[in-house]
Amino acid sequence: MPQDAVPAPAGSAAAFQRRQAVPSAVLAVLMLVLMEAMFFTGLISAFLIVKAGIKPGMWPPPWQPRLPVEVTGVNTVALVASGVLMFVAAARFKKSPAAARTPMMLAMLLGAAFVVVQGMEWVRLLKEGLALSTSNHGAFFYLIVGTHGLHVIGGLVALIWCFNRLPTGNLRAAQMSAMQIFWTFVVALWPILYKLVYL
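Our numbering applies: residue 3 is where the sequence shown begins, and numbers increase by one.
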């Protein structure tokens with residue numbers, strides 16, 4: 003510091019550098035997750051109200067195809083494992099971004115497998131006669147499961163974006179945290195939907 007330089011007074015902009023309590027990317031995703039949680043709460047509430055008004059033994063309608071409980075159960079385990087791998091990737095990222103590549107790639111593959119299996123399930127159910135227009139059961143099934151599926155696909159797109167930035171060192175910690183929050187929401191939501199819709 004030059005001898006004739008005058009130090010900035012305490013409290014001035016030069017002396018005080020404001021730090022964000024929560025990074026903007028993380029805050030934006032937290033707000034998005036809150037809105038999405040309210041949206042899914044509305045869907046689930048409508049589903050439970052309609053289901054409660056049906057006579058016992060008539061839900062799901064006995065003349066319609068059964069949902070693949072076992073296959074979707076295995077698919078649920080795959081998605082939960084994907085969420086665990088994202089936690090591992092985030093922990094490794096803090097120490098070395100390069101170390102996050104493998105668990106993040108595995109998380110993406112399991113997430114993609116989940117979407118593929120769900121798509122195959124939909125094709126089979128449509129062929130067997132379960133459609134949006136066949137009953138309230140079919141309408142709620144495709145609306146709730148389909149909306150969640152779109153969130154998984156959106157999450158996968160964001161995961162791929164983050165994954166592609168890892169080798170160049172352009173992925174910031176806030177972006178990784180934001181991605182982890184959204185993926186955790188998508189993963190944690192699914193077992194609830196599985197229990198309500200399939201079981």
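We put the beta carbon where it would ideally sit given N, CA and C, even for glycine.
Check	Outcome
Does the count of Cβ pairs from the stretch 95–109 and the stretch 168–183 closer than 8 Å reach three?	yes
Pairing CB atoms from the stretch 191–199 with CB atoms from the stretch 57–68, are three or more of them under 8 Å?	no
Where does Lys-197 fall in DSSP's three states?	helix
Give the secondary structure of Gly-59 by DSSP, where H, G and I count as helix, E and B as strand, and everything else as coil.	coil
Less than 9 Å between the C-beta atoms of Gly-113 and Val-154, yes or no?	yes
Tell me whether Trp-185 sits in a helix, a strand or coil according to DSSP, three-state version.	helix
Helix, strand or coil: which one does DSSP assign to Ala-16?	Per-residue confidence for Ala-16 stands at a pLDDT of 48, beneath the threshold of 50, marking its modelled position as unreliable; no derived number is given.
Tell whether a beta-carbon distance below 9 Å holds between Arg-167 and Gln-182.	no
Within 10 angstroms of the Cβ of Ala-17, are there 16 or more other Cβ atoms? Answer buried if so, exposed if not.	Low local confidence applies: a pLDDT of 42 at Ala-17 is under 50, so the model's placement there is unreliable, with the coordinate-based value given in what follows. Label assigned to Ala-17: exposed.
Comparing C-alpha positions only, which one of Ala-80, Gly-75, Phe-41, Met-110 sits nearest to Ala-91?	Met-110
Taking Cβ to Cβ, would you say Trp-185 is nearer than 9 Å to Met-88?	yes
State the DSSP-derived secondary structure class of Leu-134, mapped to helix, strand or coil.	coil
What separation, rounded to the nearest whole angstrom, lies between the Cα atoms of Thr-78 and Pro-25?	31 Å
Report the rounded CA-to-CA distance for Val-147 versus Leu-134, giving the unit in angstroms.	12 Å
Taking the C-alpha atoms as reference points, what is the distance between Leu-29 and Phe-187?	14 Å
Please tell me whether Cys-164 and Met-122 are closer than 9 Å, where the distance is taken between their beta carbons.	no
Between Tyr-196 and the rest of its own chain, which residues show a CB-CB distance below 7 Å, the 5 nearest in sequence each way excluded?	Thr-74, Thr-78
Going straight from the alpha carbon of Met-162 to that of Leu-50, what length do you get?	The sequence as given places Ile at residue 162; Met does not occur at that position. Distance between the alpha carbons of Ile-162 and Leu-50 is about 35 Å.
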